[in-house]
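Engineer: Structure below; questions to follow.
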Amino acid sequence: MTTFANTVLDNLEIELPSWAFGNSGTRFKVFGTPGTPRDVREKIADAAMVHRMTGLAPRVALHIPWDRVDDYAALSRYAEDQGVALGTINSNTFQDDDYKFGSLTHTDKVVRQKAIDHHLDCIEVMNQTGSRDLKVWLADGTNYPGQGDIRGRQDRLAESLATIYQHVGTDQRLVLEYKFFEPAMYMTDVPDWGTSYAHVSALGERAKVCLDTGHHAPGTNIEFIVAQLLRLGKLGSFDFNSRFYADDDLIVGAADPFQLFRIMFEVIRGGGLSDDSDVALMLDQCHNVEAKIPGQIRSVLNVEEMTARALLVDGEALAVAQDAGDVLGANEIVMDAFYTDVRPMLAERRAERGLPERPMIAFRDSGYRETIEAERAGGVQSSWGA
Ligand code: PSV
Ligand code: MN
Numbered sequence: 001m002t003t004f005a006n007t008v009l010d011n012l013e014i015e016l017p018s019w020a021f022g023n024s025g026t027r028f029k030v031f032g033t034p035g036t037p038r039d040v041r042e043k044i045a046d047a048a049m050v051h052r053m054t055g056l057a058p059r060v061a062l063h064i065p066w067d068r069v070d071d072y073a074a075l076s077r078y079a080e081d082q083g084v085a086l087g088t089i090n091s092n093t094f095q096d097d098d099y100k101f102g103s104l105t106h107t108d109k110v111v112r113q114k115a116i117d118h119h120l121d122c123i124e125v126m127n128q129t130g131s132r133d134l135k136v137w138l139a140d141g142t143n144y145p146g147q148g149d150i151r152g153r154q155d156r157l158a159e160s161l162a163t164i165y166q167h168v169g170t171d172q173r174l175v176l177e178y179k180f181f182e183p184a185m186y187m188t189d190v191p192d193w194g195t196s197y198a199h200v201s202a203l204g205e206r207a208k209v210c211l212d213t214g215h216h217a218p219g220t221n222i223e224f225i226v227a228q229l230l231r232l233g234k235l236g237s238f239d240f241n242s243r244f245y246a247d248d249d250l251i252v253g254a255a256d257p258f259q260l261f262r263i264m265f266e267v268i269r270g271g272g273l274s275d276d277s278d279v280a281l282m283l284d285q286c287h288n289v290e291a292k293i294p295g296q297i298r299s300v301l302n303v304e305e306m307t308a309r310a311l312l313v314d315g316e317a318l319a320v321a322q323d324a325g326d327v328l329g330a331n332e333i334v335m336d337a338f339y340t341d342v343r344p345m346l347a348e349r350r351a352e353r354g355l356p357e358r359p360m361i362a363f364r365d366s367g368y369r370e371t372i373e374a375e376r377a378g379g380v381q382s383s384w385g386a
């Protein structure tokens, strides 16, 4: 590993979503799992275990109201005692009857104000937890042509976001996530990076785009979007996951590790992992049938592995081949890096840093799973939505 590669890997931090530790599923079935957290503290404890095993996941993102508590300062202290910090605060305007026809875009001023107030509450939570980022994802959109006035909805969205942004502190940021479908099926109000970019650019410096890897049409060149947003200084954060058909929220890098490699290559190329970068890497995943804690460990390891492989690309040789019009030569340089097995090197690196060489095995042998299964008997298991 070069010194540059080591520095980049040292800068790698992947934030975990609290909701990954709760039960989740599809509209067909949510399976319960022994040991599932019953509250946000137990979710944080599980996230801290992922960090102890990997050294890669020092923060936990919360979703409000799923993770609502009376005392956020106390929750922060609890997280600190566990060895992690609280991270991004995700707003939620998609599970309330009032938002059936929209939230920040709603035609009714009263509903719009309710959605704005929810975001102001989230900022208040951030003030208490010391979180930097407010992540906004909206379920707003329409199902049928003519159902809503596309342009009017954009205008109301811009106005609502501007009101929220006025309350974002000088050390805080607003990141606006896009998604091209679901739950609205004809049109969503923030469908793509361009729309998110237009809105955050109008807001100001501390507003950026959140790129969820699962929110693109099949065949979309996501690494292009990464390169462009970094170039424009507007890539705020990632929600990492992987998908086959829809927003499947599967383990990042599971379906297409090569895509993750290509994304990480552009992140590094654009300075997204340099010392002064403010790009946040976060997972946004659910584990429907696999064990949750190892699911998260696997996920952060996948990001680490593809980052390490991307760092093996010989940048100088690549530039020479590109400039010479050596199409296949350039491609081979990239593929050589992708096909290199970095796992032994990363295991060695972990050992040097006092971390388990093989985190998946270390977790299995730790007894943590057996302990939480025994301890977390009774109560109501958390699930997506609580
Ligand atoms: C929407 O599909 C999304 O990606 C947003 O980030 C939500 O906050 C999250 O999923 C909930 O899982
Ligand atoms: Mn997301």
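Oh and the sequence shown: position 154 is 154 in UniProt numbering, straight run, nothing missing. Glycine included, every Cβ here is placed at the ideal spot set by N, Cα and C. Note that this is a predicted model, so its numbers are computed, not measured.
Say whether the stretch 149 to 167 touches the stretch 195 to 215, bearing in mind that this needs 3 or more beta-carbon pairs closer than 8 Å, one atom from each stretch.
Structural biologist: These segments touch.
Engineer: The ligand PSV and N23: does any heavy atom of the ligand fall closer than 7 Å to the residue's C-beta?
Structural biologist: No, the Cβ of N23 stays beyond 7 Å of every heavy atom of the ligand PSV.
Engineer: Run the CB neighbour count on I64, radius 10 Å, all protein chains shown included, and call it buried at 16 or more, exposed below.
Structural biologist: Looking at its Cβ environment, which holds 16 or more other Cβ atoms inside 10 Å, I64 is buried.
Engineer: What alpha helix (DSSP H) runs, 4 residues minimum, are completely inside the stretch 132 to 171?
Structural biologist: List check, alpha helix (DSSP H) in window: 150 to 165.
Engineer: Any residues whose CB sits closer than 6 Å to a heavy atom of the ligand MN? List them in chain order?
Structural biologist: Per the Cβ criterion, the list is W137, E177, D212, D239, D284.
Engineer: So if DSSP puts G25 in a beta bridge, which residue, or which two residues, is it bridged to?
Structural biologist: V30, per the DSSP bridge assignment.
Engineer: Based on the DSSP output, what are the partners of T188 in its beta bridges?
Structural biologist: Answer is G141, bridged to T188.
Engineer: Going residue by residue through the stretch 10 to 88, where are the continuous beta strand (DSSP E) segments of at least 3 residues, counting only ones entirely within it?
Structural biologist: The stretch 10 to 88 contains these whole beta strand (DSSP E) runs: 14 to 17, 59 to 63.
Engineer: Report yes if the C-beta distance between K135 and T170 is below 8 Å; otherwise report no.
Structural biologist: Taking 8 Å as the Cβ cut-off, K135 and T170 do not qualify as a contacting pair.
Engineer: What is the rounded straight-line gap between the Cα of G379 and the Cα of D39?
Structural biologist: Spanning the two alpha carbons is a distance of roughly 9 Å.
Engineer: Is L176 helix, strand or coil when you go by DSSP?
Structural biologist: Note: L176 maps to strand in three-state DSSP.
Engineer: Is it right to say residue 436 is buried, meaning 16 or more other beta carbons lie within 10 angstroms of its own, or is it exposed?
Structural biologist: A query on residue 436 cannot be resolved here, the shown segment of the chain reaching from 1 to 386 and no further.
Engineer: Across which residues does DSSP place L235 in a beta bridge pair?
Structural biologist: L235 pairs with V209.
Engineer: Could you name the residues that DSSP lists as bridge partners for N288?
Structural biologist: The partner list for N288 (beta bridge, DSSP) is empty, contrary to what the question assumes.
Engineer: From K234 to F31, what does the alpha carbon distance come to, in whole angstroms?
Structural biologist: Taking the straight line joining both Cα atoms gives about 38 Å.
Engineer: Relative to the alpha-carbon of D239, which residue among Y245, Q228, G219, L260 has its alpha-carbon at the smallest distance?
Structural biologist: Of Y245, Q228, G219, L260, the residue nearest in Cα terms is L260.
Engineer: Just grab the DSSP bridge partners of F240 for me.
Structural biologist: The partner list for F240 (beta bridge, DSSP) reads L283.
Engineer: State buried or exposed for N241, treating a residue as buried only when at least 16 other CB atoms are found within 10 Å of its CB.
Structural biologist: Answer is buried; the Cβ neighbour count reaches 16.
Engineer: Flag this pair as yes or no: are the beta carbons of S196 and L176 separated by less than 8 Å?
Structural biologist: Against a cut-off of 8 Å, the Cβ pair of L176 and S196 comes out as a contact.
Engineer: Cα-Cα, which of D98, R353, A310, G354 is closest to A333?
Structural biologist: Checking the sequence, you will find Ile at residue 333 rather than Ala. Comparing Cα-Cα distances from I333 to each of D98, R353, A310, G354, the minimum goes to A310.
Engineer: Helix or strand or just coil, what does DSSP make of L328?
Structural biologist: If DSSP states are grouped into helix, strand and coil, L328 belongs with the helices.
Engineer: From the DSSP output, in three-state form, read off S201 for me.
Structural biologist: S201: helix per DSSP, three-state reduction.
Engineer: Sort out for me which residues DSSP pairs N90 with in a bridge.
Structural biologist: Looking at the DSSP assignment, N90 forms a beta bridge with H63, K135.
Engineer: Given a cut-off of 8 Å on the beta-carbon distance, is the pair I123 and L104 in contact?
Structural biologist: Cβ atoms of I123 and L104: not closer than 8 Å.
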